[in-house]
Amino acid sequence: MAEEKAGRPIPKPSVYVDTKPFWDGAKAGRLVLQYCKDTGQFQHYPRPVSIFTGSRNLEWREVSGKGTIYACTVIRVPGPGLDGRLPLSVATVQLDEGVRILGNILNKDADTVKIGQRVEVAWDRLSDDVQYPAFNVV
Amino acid sequence: MTAKKRDIVIAGYSETAIDFKTGRSAFDLGGEALAKLLAATGISKDAIDGLSVTTPLSECPNPFFAVYMTEALGLTPTWLNYGGTGGCSATGGVARAASAIRDGHCEVVVVLSADAPSTAWRANYGAYRSEFQDPPGVQGPPATFGLLMSRYNHQFGIKSEALGKIAITQREHALHNENAYAKFKTPITMADYEKSRVIADPLRLLDCVMFCDGANAFLVTTEEKARSLGITKMVFPTAYAEVTNFNGNQPLSEITETGFSAIAPKVFKQSGLTAKDIRMFQPYDDFTIAVMMKFEDFGFCKRGQGSDFTLDTDLSYKGTLPLNTGGGQISAGQPGLASGGLNLAEAVRQLFGEGGGRQVPNPKNALVTGIGVIPYARNWGTSAAMILEA
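Okay, here's the thing in structure tokens:
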């Protein structure tokens, strides 16, 4: 069995809706998000219906992983799953496809991360076979 | 505009003291709030035929908590509401009670909020969080508010001394509040604020609430019924509006645009009042930035000018816009999801003229707000506002 990073739980897929395509994509280093076929818009986190129309005419599509930091903070106090990760840089990234996603910034000192910086997806390895999307400033 | 509704009244309120790790349950705290409400209003328990109960963090695994509460209190309501909008459940409970009374389901309602999360935290939000919110480390409201503050600061700029002033003013008010958490009854200075630990940049410890235990209750009925019960002190909830999941189908909307911008015009229209007419402001204060953003959303100042308005306005109980005159949740302690009732109770207390050492002169009306639930990468889930008039 894969070993967990200290204190960081490995998420279980599909506890809410079917998210297998997201996790399969992540394993292969591809960021795959939910897409509303009726309106041509992405939505994240995944939902049971399109938040635009209420229909289930949804599919999963790979996105570029490129985007811009919309908001950012540095978590400085301990909490569940944060062991060994502080100070932790967290950003809301607005992807070029027009959808926002929360992610850690991996390649910069947390204090230098700024709104407006361009980022691209990077992969945080949680175990031998589980990767989670994060971002690097480019 | 239709005539302002002045048929329904809040005819009494009660609060327990706020304390940390009391070892007590929401039932016990709720029972204390009910007993105090009966003592304050002088009515018999048998007069109560409606009950609104707030979902508590400490008892939320029980889907029948509200029904259990009727048993605990020996009540037999013909109308029972179980409010799940967190800090909006108290004002929302009063509004729902007003509708139920107007529809004839009941006549004398108790709106009860009790929670003991510092003794027993039993909530598990489940849903998407373990897959999409927890992994990047956004477990709680502070990280989400750090993100929100960073965006606000990027767009408009935050003067930290403005947030510090909110914290300091509310702490001064808490010193006069016999129910406030004892450990908060020490004045704080701007130096204390600026030295306080950063939780999630730029959010500081003194910007934040702390979970405690506590309860509050309100008596809602018609003016006529209240008078027939011998009650003479009452206030009129003349306006209420709420919105949940504001901009919920617009994932790229600015997160600094909140539900309060949508409901503020509604409560002003219902009451016939404007921001200039508001005598005191008792806003839900989980974090200082939420207070500042509400100054803007309710039109006390323009959007983006919250820092300057805060610095330029006397927010003390003697001032031009008294703010959270009981100390708010930040300085009285947050009684879990009974939180919204804390701001509401202070408004009713002030309008009853029972503010003691913190009494607002000429307490003719109050604006109260609620906030419920912190969602994924946005601001907050439910926004609620109520105007009370003497």
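In order, the protein sequence lines correspond to chains A and B.
In terms of the numbering used here, the first sequence opens at residue 1 and continues consecutively.
In terms of the numbering used here, the second sequence opens at residue 1001 and continues consecutively.
Ideal placement from N, C-alpha and C gives every residue a C-beta, glycine not left out.
Please read these numbers as outputs of a predicted model, since none were measured by experiment.
Taking the beta carbon of residue i as the centre, do at least 16 other beta carbons fall within 10 Å, making it buried, or is it exposed?
i	result
D111(A)	exposed
A1066(B)	buried
G1023(B)	exposed
Y1193(B)	buried
M1001(B)	Its pLDDT being 42, under 50, M1001(B) is placed unreliably by the model, and the measurement read from it follows with that caveat. M1001(B) comes out exposed.
K1294(B)	buried
L1311(B)	exposed
A1039(B)	exposed
E1346(B)	buried
T1076(B)	exposed
D1207(B)	buried
N1216(B)	buried
R1197(B)	exposed
G1164(B)	buried
G1012(B)	buried
Y1411(B)	The structure shown does not extend to residue 1411(B), since chain B spans only 1001 to 1390, so no value can be given for it.
K1029(B)	Rather than Lys, the amino acid found at residue 1029(B) in this sequence is Leu. Its Cβ being crowded by 16 or more others within 10 Å, L1029(B) is buried.
D1103(B)	exposed
D1286(B)	buried
F1281(B)	buried
A1191(B)	exposed
Residues in its own chain within less than 6 Å of residue i by CB, not counting five upstream and five downstream?
i	result
K108(A)	V137
A1026(B)	P1056, S1058, E1059, A1114, D1115, A1116
N1365(B)	R1279, E1389
S1271(B)	T1238, A1239, I1387
V63(A)	L31, L33, L95, E97
P1061(B)	R1122
Taking only the alpha-carbon atoms, compute the straight-line gap between residue i and residue j and give it to the nearest angstrom.
i	j	result
Q1170(B)	R1358(B)	11 Å
Y70(A)	Q94(A)	6 Å
Y1454(B)	V113(A)	This structure does not reach residue 1454(B), given that chain B is present from 1001 up to 1390, and the question cannot be answered.
Y1376(B)	D38(A)	24 Å
A1162(B)	W123(A)	39 Å
A91(A)	H1176(B)	40 Å
K12(A)	D129(A)	13 Å
Q1155(B)	I115(A)	10 Å
F1218(B)	A1200(B)	36 Å
Q117(A)	T68(A)	6 Å
S1130(B)	A1174(B)	37 Å
V1111(B)	H1105(B)	15 Å
G81(A)	G1327(B)	33 Å
K1045(B)	G1356(B)	28 Å
C1301(B)	T1085(B)	28 Å
D1019(B)	I1168(B)	20 Å
N57(A)	V17(A)	14 Å
F1211(B)	S1316(B)	24 Å
M1(A)	K27(A)	Because the pLDDT at M1(A) is just 36, under 50, the model does not fix this residue reliably, and the value given afterwards should be weighed accordingly. If I take the Cα positions, the gap works out to 16 Å.
Y1152(B)	T1258(B)	12 Å
K1318(B)	L1034(B)	31 Å
T1274(B)	F1260(B)	15 Å
N1362(B)	Q1334(B)	28 Å
E1032(B)	N1179(B)	13 Å
L1321(B)	D1314(B)	6 Å
T1016(B)	H44(A)	42 Å
L1203(B)	S89(A)	14 Å
Could you check how far apart the C-beta atoms of residue i and residue j are, in whole angstroms? I think they sit under 8 Å.
i	j	result
E1242(B)	S1383(B)	7 Å
F1352(B)	K1183(B)	Going by Cβ atoms, the distance from F1352(B) to K1183(B) rounds to 28 Å, so no, they are not a contact pair.
Y1284(B)	G1092(B)	Contact flag wrong, Cβ pair sits at about 12 Å.
D1007(B)	E1223(B)	6 Å
N1249(B)	I51(A)	5 Å
With hydrogens ignored, establish whether the beta-carbon of residue i is closer than 8 Å to any heavy atom of the ligand MN.
i	result
I1168(B)	Inclusion of the ligand MN in the displayed structure is not the case, the ligand content being empty and no account of it being possible.
Counting only the same chain and skipping the five closest in sequence on each side, list residues whose C-beta sits under 7 Å from that of residue i.
i	result
I1263(B)	A1241, E1242, V1243, S1383, A1385
K1036(B)	S1014
V1138(B)	T1144
E120(A)	G65, K66, F135, N136, V138
G1230(B)	G1042
T19(A)	P13, P46
Short of 8 Å in beta carbon distance, which residues of its chain neighbour residue i, apart from the five on each side in sequence? Order them along the chain.
i	result
E4(A)	Per-residue confidence for E4(A) stands at a pLDDT of 45, beneath the threshold of 50, marking its modelled position as unreliable; no derived number is given.
G29(A)	W123, Q131
E1107(B)	D1049, G1050, I1101, T1221, T1222, K1225
task = For the stretch 1181-1217 of chain B, list the alpha helix (DSSP H) runs that are entirely contained and at least 4 residues long, ordered along the chain.
result = 1190-1195
### Task
Give, in chain order, every unbroken run of the beta strand (DSSP E) that is at least 3 residues long and sits entirely within the stretch 1106-1170 of chain B.
1108-1115
**Q.** Within the stretch 1067-1101 of chain B, ranges of the beta strand (DSSP E) (whole runs, at least 3 residues)
**A.** 1079-1083
Handout entry: Length-filtered (4 minimum) alpha helix (DSSP H) runs lying within the stretch 1215-1260 of chain B
Key = 1223-1228
Q) Counting only runs that start and end within the stretch 1338-1377 of chain B, where is the alpha helix (DSSP H) found for 4 or more residues in a row? A) 1339-1351
Ignoring anything shorter than 4 residues or poking outside the stretch 1296-1330 of chain B, list the alpha helix (DSSP H) runs there in chain order. 1306-1312
#### Entry: Complete runs of the beta strand (DSSP E) confined to the stretch 56-83 of chain A [at least 3 residues]
58-62, 66-75
Threshold first: 3 residues or longer. Then list the beta strand (DSSP E) segments lying entirely within the stretch 2-39 of chain A, N to C.
32-36
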